[in-house]
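First comes the structure, then the notes that go with it.
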Ligand SMILES: Nc1ncnc2c1ncn2[C@@H]1O[C@H](COP(=O)(O)OP(=O)(O)OP(=O)(O)O)[C@@H](O)[C@H]1O
Ligand SMILES: [Mg+2]
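Here it is in structure tokens:
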């Protein structure tokens with residue numbers, strides 16, 4: 089479906105108001121067409137015929153018509169703007185909801201700033217098109233039709249002479265539209281680039297400062313600014329050139345009326361009032377013609393925006409519910425089996441190869457391996473954040489694709505490697521996955537995550553606000569909040585990705601001990617660089633370049649896997665079992 093058609097279809101649910109606005113526009117137009125006739129009557133009948141008793145009636149009619157026209161002008165604008173606001177409200181929500189559905193892979197290759205500019209700037213552009221552009225487009229069309237009909241009926245010879253100047257005006261407007269639309273497209277694109285640059289800079293401002301790159305960043309931003317300025321000025325130049333040209337061409341027709349029409353009046357072939365009315369009609373065309381250039385440009389920009397908005401809406405989530413998917417049974421036991429699973433982020437590059445293992449309900453599965461070996465990638469497949477390229481993953485013996493995403497993910501608690509906390513209170517952050525949880529449950533989760541005492545030491549306890557990205561918390565504190573958040577969901581499957589990376593050995597030990605009770609009854613996947621966290625696991629998977637090179641228990645692996653033995657050898661002394669009692673202090 090073409091973009092304009094797809095946009096216009098969006099108006100259908102609002103048809104009563106759209107119809108009301110259209111009828112109002114017609115009424116305004118009709119009344120506007122009557123008013124010059126009143127002047128004609130005044131001049132030709134009242135003044136030239138010396139019939140003064142006409143005057144109060146003409147004046148009164150003029151007054152009444154103007155008032156009615158005012159009322160319709162109001163309804164015309166208000167109803168259309170109302171429709172535009174409603175429509176854009178729905179579209180904005182639709183976009184947001186759609187963004188929530190899109191998978192990890194989409195966000196891997198899309199810039200946040202680009203998305204933000206679509207939901208804000210592009211949607212705003214569409215609002216202007218619906219609330220303003222469309223109305224003026226319609227108004228211009230009926231003004232042309234109305235005025236041309238009336239003047240042709242009034243005096244066709246004078247009409248033909250004046251209409252001769254119109255093709256030049258229309259040509260100028262058309263050329264204007266053709267030139268200005270790519271210019272504005274370029275402006276819009278650069279604006280999105282700049283938003284993206286700004287968003288990235290603000291997200292990474294701490295890195296910028298740490299590396300003293302403020303000046304370089306400023307000049308990078310300045311380059312975007314300069315480009316945006318240049319593109320805006322290029323568009324302005326087109327405007328500035330065409331507007332006087334269009335005004336000149338429309339002025340030309342007035343000159344023709346004065347010259348040719350004047351001769352007609354002198355020759356007695358036309359009445360004076362008729363000439364005045366005629367000129368008023370022609371003046372009525374000037375405004376819409378000028379507006380047309382503007383509206384054509386607005387419509388072009390709106391089409392560009394519509395393209396960007398529709399492109400986003402048309403992006404199908406890579407991972408979605410199968411038509412036959414059903415809810416995961418509440419009494420799921422949590423047995424996870426990988427059957428020959430492979431996965432690639434990019435075609436041709438396998439990030440996981442032939443992964444097969446089985447985790448019994450309640451087991452602790454540890455995944456170890458060098459950085460970049462595919463540990464996070466592997467666990468991301470369990471909640472179906474990505475879709476395997478080959479093989480399958482079973483939960484309680486059934487392919488996880490048979491369950492709805494929502495029900496599957498409701499049984500999986502994740503503490504991811506990169507923790508994000510919302511600008512909300514600590515209690516709200518912990519309760520994020522389970523807003524119905526009461527204070528007691530929240531505190532129990534915090535206690536288990538070894539963060540309760542710390543929270544109580546804060547001025548407002550659980551009601552303390554966490555800054556965006558939790559900047560006022562340390563890495564280890566954030567990690568423990570994330571653990572509390574995952575535990576409060578009370579999931580059957582728990583995934584802890586590098587959960588001890590930023591806590592000290594003492595906290596790690598306490599966390600580990602707390603987890604021993606917490607993981608009971610849950611299948612738990614633990615990724616850790618510190619082997620002390622994984623030595624008691626029921627199954628340890630050793631990953632190398634996306635493949636399992638060894639698996640088994642700690643002692644067995646120590647003897648059988650050179651890679652595992654090497655990882656063990658490189659561990660800090662304090663993490664090894666013999667010294668573990670020391671870290672308890
Ligand atoms: N979103 C992504 N898009 C493309 N490639 C990715 C993506 N995420 C990870 N990779 C690549 O996949 C491989 C495995 O990455 P993964 O994050 O699973 O490693 P990891 O074992 O968790 O490492 P670490 O211990 O550092 O967390 C790496 O080569 C990485 O570059
Ligand atoms: Mg990782």
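In this note's numbering, the protein residues as written are 89 to 673.
Even for Gly, the Cβ is constructed at its ideal location relative to N, Cα and C.
The structure presented is a predicted model; accordingly, all values stated were derived computationally and were not measured.
Pair within 8 Å by beta-carbon distance, residue i and residue j
i, j, result
"residue 119", "residue 153", "yes"
"residue 467", "residue 615", "yes"
"residue 458", "residue 628", "no"
"residue 218", "residue 285", "no"
"residue 228", "residue 164", "no"
"residue 456", "residue 512", "no"
"residue 202", "residue 298", "no"
"residue 358", "residue 349", "yes"
"residue 619", "residue 638", "no"
"residue 424", "residue 581", "yes"
"residue 247", "residue 258", "no"
"residue 575", "residue 533", "yes"
"residue 515", "residue 551", "yes"
"residue 216", "residue 96", "no"
"residue 675", "residue 132", "Nothing can be reported for residue 675, as the shown portion of the chain is limited to 89 through 673."
"residue 330", "residue 264", "yes"
"residue 656", "residue 193", "no"
"residue 491", "residue 549", "no"
"residue 301", "residue 200", "no"
"residue 394", "residue 93", "no"
"residue 537", "residue 571", "yes"
Local conformation of residue i per DSSP, three classes
i, result
"residue 429", "strand"
"residue 624", "coil"
"residue 478", "strand"
"residue 313", "helix"
"residue 442", "strand"
"residue 486", "strand"
"residue 640", "strand"
"residue 566", "helix"
"residue 132", "helix"
"residue 508", "coil"
"residue 572", "helix"
"residue 194", "helix"
"residue 501", "strand"
"residue 306", "helix"
"residue 599", "helix"
"residue 669", "In this prediction, residue 669 has a pLDDT of 42, which is less than 50 and means its spatial position is unreliable; what the coordinates show is noted afterwards. If DSSP states are grouped into helix, strand and coil, residue 669 belongs with the helices."
"residue 585", "strand"
"residue 580", "coil"
"residue 98", "coil"
"residue 282", "helix"
"residue 470", "coil"
"residue 539", "coil"
Proximity test, residue i beta-carbon vs ligand 3 heavy atom, cut-off 7 Å
i, result
"residue 586", "Ligand 3 is not part of this structure, which contains only ligand 1 and ligand 2."
Nearest residue (CA-CA) to residue i, options the options
i, options, result
"residue 600", "578, 104, 517 and 624", "624"
"residue 419", "484, 360, 207 and 546", "484"
"residue 116", "256, 146 and 155", "155"
"residue 635", "193, 397, 432 and 267", "432"
"residue 392", "638, 214 and 604", "214"
"residue 494", "417, 435, 549 and 509", "417"
"residue 352", "645, 340 and 366", "366"
"residue 221", "501, 257 and 381", "381"
"residue 407", "567, 438, 189 and 460", "189"
"residue 613", "373, 136, 584 and 134", "584"
"residue 477", "569, 435 and 573", "435"
"residue 260", "658, 337 and 192", "337"
"residue 101", "93, 519, 174 and 593", "174"
"residue 596", "606, 568 and 196", "568"
"residue 565", "592, 548 and 579", "592"
"residue 626", "208, 410, 445 and 498", "445"
"residue 276", "305, 252, 212 and 296", "212"
"residue 198", "241, 609 and 403", "403"
"residue 311", "519, 278 and 543", "278"
"residue 631", "460, 603 and 266", "460"
"residue 162", "195, 151, 112 and 208", "112"
Neighbour flag for residue i against chain C, beta carbons, 8 Å
i, result
"residue 451", "Annotation note: the requested chain C is absent from the structure, which comprises a single protein chain."
Just to be sure I understand the criterion: a residue counts if its Cβ is closer than 5 Å to at least one heavy atom of ligand 1. Which residues meet that? 196, 433, 439, 459, 460, 461, 462, 463, 464 and 465
Quick one: complete alpha helix (DSSP H) runs, 4+ long, within the region 334–421? 350–354 and 360–402
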